[in-house]
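The structure under discussion appears below in the form of structure tokens.
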DNA sequence: GCCGTTTTCGGCCCGACTGTTTTCAGTCG
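Numbering (my numbering), first residue to last: 4 to 582.
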């Protein structure tokens, strides 16, 4: 079964871009952009639906449905081919230059025949842009600098893992400025997208000037891109743009909604506001007739004024969440407060753990967890693994610590290694001594899809394997992971009663939100696991929760939302059924 | 091109900032 949505979405996005370059009506362009996003986010493979069913999806009408059918039948779309023939091949890359939009791209092409960034560079150097309307010396200089930055990075987005610490640092510095009531990072980072294009920091204060100055003068900033009374944009040391917006405290909720996005979500709720005789902007919800202010201090207040339940940030992608919130059928997604324990964590008993067992346990307890599974590496991982003897010694140590930490339940587990044949470390009797195990692939990534899939499914049939760790092995921005049929893993997880991990490390987020959604729909049980190697890593659980929210997972799908008896019952059920 | 608490046509989100515009267009988010 081919999964064609992503491919289709990119074709429609291309149509939208090409239409812009032909000067098409902007609403028509927006319709294609919406169609692309609706296709990309559809929870079912459009290859399996009839044209009538496809046209029922929000944002997809008759015309788009016809083009989808055409693409399925012929492998292409005539309109797209015509546009490709009309627009010069390099023209779309002009739109990737910050500050250069469709109007300027068309102007450059019509007046100077420019249809690519290299041609633009040459024309700038030769002074051929002089005298064109709207392209004075400042604009030309901005274009030169934008072209230089464009050459320095491959694409504009970086893994969220690379932006989080900088965002947190910026937030903390802004929060420390006198007069600041609240500070948060927003944008795609708050929605927990896997990659982000910039960092958005929002501050509530009645005195914006010192906050703006604190950012401009920061040692984290290499260039100020724009500086106004309400908004400042800078380029940071890591080449990532950061936008700062300061609002009054009573505007905080409205600004947080606006700055968190997504853009498509904002457009959707503003349309809803207009239909109800209201105006929504970053300062609040207002009555259109009287101008009276109706909401703005909190996000919940803003959504309520629009007749909506509060929508968790990861769901704000205009993929049906607004309609669901209006009809009271928003999924009650898992929250950090729902987590009672953590099922994957390391100590310095493993070669790669950085903190001692007592420290890790105390840190888990301090974060409000009721139980914590110690899962150091098993012996087959030669560098970091523990022998049987060391494992038994650790178990004895845990026994002692249980008396010292009466309000934290300690589970003794292990992170097992899945061999190429699907076997795991130790023998069945030894494995039966663990309270819980997670089994992961750590070696031989470059095997075929069939081998990898068979390997993991075989491990799932082991009665002592409770969960599969980081099921695809990817590291965002570093490596794609091994080739594996995740749909088959999900089916086997349901069949065998094995849990699938949502590894909460921002570098992994594995399973991804898209796979979480499909696993939840298939009825699988998931874990949200920190995979902590240090005390601070325990805070990564929140990124796992946000990923689970993006995948619309509710607490009943998440193993670590159960109390410890519930967890033990899950482990026992699988052992009894398959032993 | 899509869509309907204004329902099959006439609308389609809203504001900040920049530069070159002497009142606003273009771009961005």
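C-beta atoms are modelled at their ideal positions from N, C-alpha and C, and glycine is treated no differently.
(1) For residue 299, count neighbouring Cβ atoms within 10 angstroms of its own Cβ and tell me buried if that reaches 16, exposed if not.
(2) With residue 264 as the anchor, note down where its alpha helix (DSSP H) starts and where it stops.
(3) Tell me whether residue 375 sits in a helix, a strand or coil according to DSSP, three-state version.
(4) Given a cut-off of 8 Å on the beta-carbon distance, is the pair residue 240 and residue 227 in contact?
(5) Only counting the same chain, and skipping five residues up and downstream in sequence, which positions put a Cβ closer than 6 Å to that of residue 22?
(6) Hey, quick one: how far does the beta strand (DSSP E) through residue 583 stretch, first residue to last?
(7) What is the C-beta distance between residue 564 and residue 341, in whole angstroms, given that I count them as a contact (C-beta under 8 Å)?
(8) Is residue 283 near residue 314, with beta carbons less than 8 Å apart?
(9) Just to confirm the assignment, what range does the beta strand (DSSP E) spanning residue 228 have?
(10) Do residue 456 and residue 417 have their C-beta atoms closer together than 8 Å?
(11) From residue 5 to residue 107, what does the alpha carbon distance come to, in whole angstroms?
(12) What are the residues that DSSP puts in a beta bridge with residue 482?
(13) Taking 8 Å as the cut-off, decide whether the C-beta atoms of residue 263 and residue 190 are in contact.
(14) Using three-state DSSP, classify residue 36 as helix, strand or coil.
(15) Taking the alpha carbon of residue 414 as the reference point, which residue from 126, 477, 343 and 452 has its own alpha carbon closest?
(16) I think residue 506 touches residue 537, with their Cβ atoms under 8 Å apart; what is that distance to the nearest whole Å?
(17) Run through the stretch 42-74 for me and flag every whole alpha helix (DSSP H) of 4 or more residues, listed as ranges in chain order.
(18) The beta strand (DSSP E) spanning residue 506 covers which residue range?
(19) Note down, in chain order, each residue of its chain lying with its Cβ closer than 7 Å to the Cβ of residue 387, except the 5 sequence neighbours on either side.
(20) Comparing C-alpha positions only, which one of 509, 481 and 523 sits nearest to residue 492?
(21) On the DSSP bridge list, what partners appear for residue 233?
(22) What did DSSP end up calling residue 115 once you bin it into helix, strand or coil?
(23) Write down the C-beta distance between residue 497 and residue 525 rounded to the nearest angstrom, noting that I regard them as a contact closer than 8 Å.
(24) Does residue 440 come out as helix, strand or coil in the three-state DSSP assignment?
(25) Can at least three beta-carbon pairs, one atom from the stretch 180-187 and one from the stretch 139-155, be found at a separation below 8 Å?
(26) Is the beta carbon of residue 270 sitting closer than 8 Å to the one on residue 258?
(27) Can you tell me which of the three DSSP states residue 284 falls into?
(28) Go through its chain and collect everything with a Cβ distance to residue 529's Cβ below 8 Å, but skip five positions before and after it.
(29) Which of helix, strand or coil does DSSP assign to residue 530?
(30) Please look up how many angstroms separate the CB atoms of residue 162 and residue 479, rounded, as I've assumed it's under 8 Å.
(31) Under 8 Å, do residue 221 and residue 182 count as touching if we go by C-beta distance?
(32) Just curious, the alpha helix (DSSP H) that residue 188 is in, first and last residue?
(33) Quick one: what does DSSP say residue 448 is sitting in, helix, strand or coil?
(34) Using the Cα positions of residue 40 and residue 79, report the straight-line distance between them to the nearest angstrom.
(35) Please confirm whether residue 389 and residue 375 have their CB atoms less than 8 Å apart.
(36) To the nearest angstrom, how far is it from the Cα of residue 430 to the Cα of residue 499?
In terms of the structure at hand:
(1) Here residue 299 refers to the residue found at position 296 of the first chain. It counts as buried.
(2) As a first step, residue 264 must be located in the first chain, where it is residue number 261. First-last for residue 264: undefined, no H or E at that position.
(3) Working through the first chain from its first residue, we reach residue 375 at position 372. Residue 375: strand per DSSP, three-state reduction.
(4) The sequence position of residue 240 within the first chain is 237, counting from 1. The sequence position of residue 227 within the first chain is 224, counting from 1. Contact: no.
(5) Here residue 22 refers to the residue found at position 19 of the first chain. Here residue 22 has 32 as same chain residues with Cβ atoms under 6 Å from its own Cβ, once five neighbours each way along the sequence are excluded.
(6) Outside the displayed span of the chain (4 to 582) sits residue 583, for which this structure offers no information.
(7) In the first chain, counting from the first residue as 1, residue 564 sits at position 561. In the first chain, counting from the first residue as 1, residue 341 sits at position 338. Confirmed, Cβ separation roughly 5 Å.
(8) Position 280 of the first chain, counted from the start, is the residue given in the question as residue 283. Position 311 of the first chain, counted from the start, is the residue given in the question as residue 314. Remark: C-beta atoms of residue 283 and residue 314 do not approach each other more closely than 8 Å.
(9) As a position in the first chain, residue 228 is number 225, starting the count at 1. Element bounds for residue 228: 224-230.
(10) Stepping through the first chain from its first residue, residue 456 is reached at position 453. Stepping through the first chain from its first residue, residue 417 is reached at position 414. No, the pair does not count as a contact, with Cβ atoms beyond the cut-off.
(11) Residue mapping note: residue 5 aligns to position 2 of the first chain, counting from 1. Residue mapping note: residue 107 aligns to position 104 of the first chain, counting from 1. Any answer about residue 5 is weak, because its pLDDT of 48 lies below 50 and its placement is not dependable; what the coordinates show is given next. So the two alpha carbons sit approximately 39 Å from each other.
(12) Your numbering for residue 482 matches position 479 in the first chain. Partner(s): 478.
(13) Translated into positions along the first chain, residue 263 becomes position 260. Translated into positions along the first chain, residue 190 becomes position 187. In contact: residue 263 and residue 190 (Cβ atoms closer than 8 Å).
(14) Residue 36 sits at position 33 when you count from the first residue of the first chain. In the three-state scheme derived from DSSP, where H, G and I count as helix and E and B as strand, residue 36 is classed as helix.
(15) Within the first chain, residue 414 is the residue found at index 411, counting from 1. Ranking 126, 477, 343 and 452 by Cα distance to residue 414 puts 343 first.
(16) To locate residue 506, count along the first chain from 1; it is residue 503. To locate residue 537, count along the first chain from 1; it is residue 534. Taking 8 Å as the upper bound for CB-CB distance, residue 506 and residue 537 are not in contact here, some 15 Å apart.
(17) With a minimum length of 4 residues, the continuous alpha helix (DSSP H) runs that stay inside the stretch 42-74 are 54-58.
(18) On the first chain, position 503 is the one that residue 506 refers to. Counting along the chain, the beta strand (DSSP E) containing residue 506 begins and ends at 502-506.
(19) For the purposes of this step, residue 387 is taken as the residue at position 384 of the first chain. Same-chain partners within the cutoff: 353, 354, 355 and 380.
(20) Sequence index remark: in the first chain, residue 492 carries index 489 (1-based). Of the listed residues, the one whose Cα sits closest to residue 492 is 523.
(21) One-based indexing of the first chain puts residue 233 at position 230. Answer by DSSP bridge pairing: none, since residue 233 is not bridged.
(22) As a working mapping, residue 115 is identified with position 112 in the first chain. In this structure, residue 115 counts as helix in the three-state DSSP scheme.
(23) The sequence position of residue 497 within the first chain is 494, counting from 1. The sequence position of residue 525 within the first chain is 522, counting from 1. The pair is a contact, with the Cβ atoms about 6 Å apart (cut-off 8 Å).
(24) Sequence index remark: in the first chain, residue 440 carries index 437 (1-based). In this structure, residue 440 counts as strand in the three-state DSSP scheme.
(25) Flag = no, the stretch 180-187 and the stretch 139-155 do not touch.
(26) For this step, residue 270 is matched to residue 267 along the first chain. For this step, residue 258 is matched to residue 255 along the first chain. No, the pair does not count as a contact, with Cβ atoms beyond the cut-off.
(27) Locating residue 284 in the first chain gives position 281, where the first residue counts as 1. Looking at residue 284 - three-state DSSP - the assignment turns out to be strand.
(28) For this step, residue 529 is matched to residue 526 along the first chain. The beta carbon of residue 529 sits closer than 8 Å to the beta carbons of 502, 503, 504, 505, 514, 519, 522, 523, 551, 556, 560, 561 and 562 from its chain, once the five residues preceding and following it are set aside; these are given in chain order.
(29) Position 527 of the first chain, counted from the first residue, corresponds to residue 530. Collapsing the DSSP output to three states places residue 530 in a strand.
(30) Reading the first chain from its first residue, position 159 is the one you call residue 162. Reading the first chain from its first residue, position 476 is the one you call residue 479. Taking the Cβ atoms as the reference, residue 162 lies roughly 4 Å from residue 479, within the contact range of under 8 Å.
(31) Numbered from 1 along the first chain, position 218 holds the residue referred to as residue 221. Numbered from 1 along the first chain, position 179 holds the residue referred to as residue 182. Cβ distance not < 8 Å, so residue 221 and residue 182 don't count as in contact.
(32) Within the first chain, the letter at position 185 stands for residue 188. Element bounds for residue 188: not the alpha helix (DSSP H) but the beta strand (DSSP E), 183-188.
(33) Along the first chain, read from residue 1 onward, the residue named residue 448 stands at position 445. For residue 448, the secondary structure class from DSSP, reduced to helix, strand or coil, is coil.
(34) Here residue 40 refers to the residue found at position 37 when the first chain is read from its first residue. Here residue 79 refers to the residue found at position 76 when the first chain is read from its first residue. Taking the Cα positions, residue 40 is about 19 Å away from residue 79.
(35) The residue labelled residue 389 in the question sits at position 386 within the first chain. The residue labelled residue 375 in the question sits at position 372 within the first chain. Between residue 389 and residue 375, the C-beta spacing is not below 8 Å.
(36) Within the first chain, numbered from 1, the residue matching residue 430 stands at position 427. Within the first chain, numbered from 1, the residue matching residue 499 stands at position 496. Looking at the two C-alpha atoms, the distance is approximately 20 Å.
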